[in-house]
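Asks:
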Amino acid sequence: MSVRRWAFSVFFVFARSTSSRWFSGPALVLYLATAKFLFHLLTASRYGIFRDELYYLACGEHLDWGYVDQPPVIGLVAWSARRIFDDSLIGLRLLPAAAGAATVWLTGKVTREIGGGSFAQVIAALAVVAAPVFLIMHHWLTMNAFEPLIWLAGAWCVIRAINQDEPRYWIWLGVLAGVGLENKYTSAFFIAGVVISIALTSGRRFLATKEYWLGALLGAVIFLPNLIWLVRHDFPFLELMHNIRRTHRDVVRAPLAFVLDQAQNSGIEFSL
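Count along the sequence shown starting at 1, add 5, and that's the number in the numbering used here.
#1: According to the Cβ coordinates, are ALA106 and ALA158 closer than 7 Å?
#2: Kindly indicate which residue of LEU212, GLN267, MET148 and PHE42 has the alpha-carbon position closest to the one of ILE176.
#3: What is the rounded straight-line gap between the Cα of PHE263 and the Cα of TYR190?
#4: Tell me whether the region 99-115 and the region 153-169 touch, counting them as touching only if at least three CB pairs, one residue from each stretch, are closer than 8 Å.
#5: Please state whether DSSP places LEU68 in a helix, a strand or coil.
#6: Shortest alpha-carbon distance to GLU216 belongs to which of LEU178, LEU235 and PHE228?
#7: I'd like the list of long-range same chain contacts for LYS114, defined as Cβ closer than 7 Å, with 5 residues on each side in sequence excluded.
#8: Indicate the three-state DSSP secondary structure (helix, strand or coil) for LEU146 in the structure shown.
#9: THR112: which of ILE95, TRP145, PRO101 and PRO153 sits nearest, CA to CA?
#10: Based on Cα-Cα distance, which residue from ASN231, VAL34, ARG237 and HIS238 lies nearest to GLY121?
#11: Quick check on the burial criterion: 16 or more other C-beta atoms within 10 angstroms. Buried or exposed for VAL18?
#12: With H, G and I counted as helix, E and B as strand and the rest as coil, what does DSSP make of GLY80?
#13: Under the rule that 16 or more other beta-carbon atoms within 10 Å means buried, what is TRP11, buried or exposed?
#14: Quick check: what's the CA-CA separation for ALA63 versus TYR72?
#15: Can you name, in chain order, every residue of its own chain whose Cβ lies under 6 Å from the Cβ of ALA182, other than the five neighbours on each side?
#16: DSSP state of PRO260, grouped into three classes?
#17: For GLY80, I'd like the list of residues in its chain whose CB is within less than 8 Å of its CB, leaving aside the five on either flank, ordered along the chain.
#18: On a CA-only basis, which of LEU100, ALA221 and PHE242 is nearest PRO172? Give me that one, please.
#19: With burial defined as no fewer than 16 other Cβ atoms inside 10 Å of the residue's Cβ, what is the status of TRP210: buried or exposed?
Now the structure itself:
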């Protein structure tokens, strides 16, 4: 074989391999995640500051292990953004945008972990990108911007632990559970769902592993400072929820209407 033909063959194989990597499922998902991140950054300063963001900035000026209506993480994030980026709206919303991009990327990984090919990974990631509820969540600095990412990362840990029969992922799940509770109390529903599903399925074998209980311990330790704060202040969050119900500030929907609302918010018509 001549040098020219050999060089051409090497170049052809390299180009084909590189092209395959650039247009693989994980690569396309990464492109979508990057596009979502850039979209939120480019639109971050177009509509002014959201009233809840002003409250979180105020919380950031009074850092504590808890607040009347939320755990401490959002105050810490707001404080950090203010110290690093001053009054920049783009800086304030940088982490929510990054959380949105990470959610898209992790959606692809979860899809791949449960057996989805390149097409399934891209479609799943695209559904997250286009979902109206996520377009809103990742535009503002709120606890809601981070909660889906934490839940999804927790689900990935559960799937990996089961698929790989690898108990160490329970440790990471415990850390995520603790961080999730320090971000928003509704993470308790996700944690309860995981615990119940493990106890009622073949996954109960993990209950006999030290990693499972180590993860539970780490989650409890991470949440402990806020729990102590709640006890010392007589659980003001529960009082707040009681007052909201009493003053009829809750939006009450019939079960079917609620399901249809969630489908609309999630952009299910686009996914279909």
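All C-beta atoms, glycine included, are put in the ideal place defined by N, C-alpha and C.
Replies: In this structure, then:
#1: Taking the sequence shown and counting its residues from 1, the one referred to as residue 106 is at position 101. Taking the sequence shown and counting its residues from 1, the one referred to as residue 158 is at position 153. Not in contact: ALA106 and ALA158 (Cβ atoms no closer than 7 Å).
#2: Within the sequence shown, residue 176 is the residue found at index 171, counting from 1. Nearest option by C-alpha distance: LEU212.
#3: One-based indexing of the sequence shown puts residue 263 at position 258. One-based indexing of the sequence shown puts residue 190 at position 185. Pairing PHE263 with TYR190, the inter-Cα distance amounts to about 21 Å.
#4: yes
#5: Translated into positions along the sequence shown, residue 68 becomes position 63. LEU68: coil per DSSP, three-state reduction.
#6: Position 211 of the sequence shown, counted from the first residue, corresponds to residue 216. Nearest option by C-alpha distance: LEU178.
#7: Counting from 1 along the sequence shown, the entry for residue 114 is found at position 109. Excluding positions up to five away in sequence, the list reads TRP161.
#8: To locate residue 146, count along the sequence shown from 1; it is residue 141. Here LEU146 sits in coil by DSSP.
#9: Within the sequence shown, the letter at position 107 stands for residue 112. THR112 has its Cα closest to that of PRO153, out of ILE95, TRP145, PRO101 and PRO153.
#10: Numbered from its first residue, the sequence shown carries residue 121 at position 116. With distances taken between Cα atoms, GLY121 lies closest to VAL34.
#11: Taking the first residue of the sequence shown as 1, we reach residue 18 at position 13. Per-residue confidence for VAL18 stands at a pLDDT of 43, beneath the threshold of 50, marking its modelled position as unreliable; no derived number is given.
#12: One-based indexing of the sequence shown puts residue 80 at position 75. The answer is helix: DSSP assigns GLY80 an H, G or I state.
#13: Mapped onto the sequence shown, residue 11 falls at position 6. Note that TRP11 scores 47 on pLDDT, short of 50, meaning its location in the model is unreliable; the coordinates nonetheless yield the value given after this. By the 10 Å Cβ count, TRP11 comes out exposed.
#14: On the sequence shown, residue 63 is found 58 positions in, with the first residue counted as 1. On the sequence shown, residue 72 is found 67 positions in, with the first residue counted as 1. Computed Cα separation, rounded: 11 Å.
#15: As a working mapping, residue 182 is identified with position 177 in the sequence shown. Result list for ALA182: ILE196 and GLY224, in chain order.
#16: In the sequence shown, counting from the first residue as 1, residue 260 sits at position 255. Three-state result, PRO260: helix.
#17: Looking up residue 80 in the sequence shown gives position 75. Around GLY80: TYR61, CYS64, GLY65, HIS67, LEU68, ASP69 and TYR72.
#18: Translated into the one-based positions of the sequence shown, residue 172 becomes position 167. Of the candidates LEU100, ALA221 and PHE242, the one whose C-alpha sits nearest the C-alpha of PRO172 is ALA221.
#19: Translated into positions along the sequence shown, residue 210 becomes position 205. The amino acid at residue 210 is misidentified as Trp; the sequence shows Arg. When all chains shown are included, ARG210 counts as exposed.
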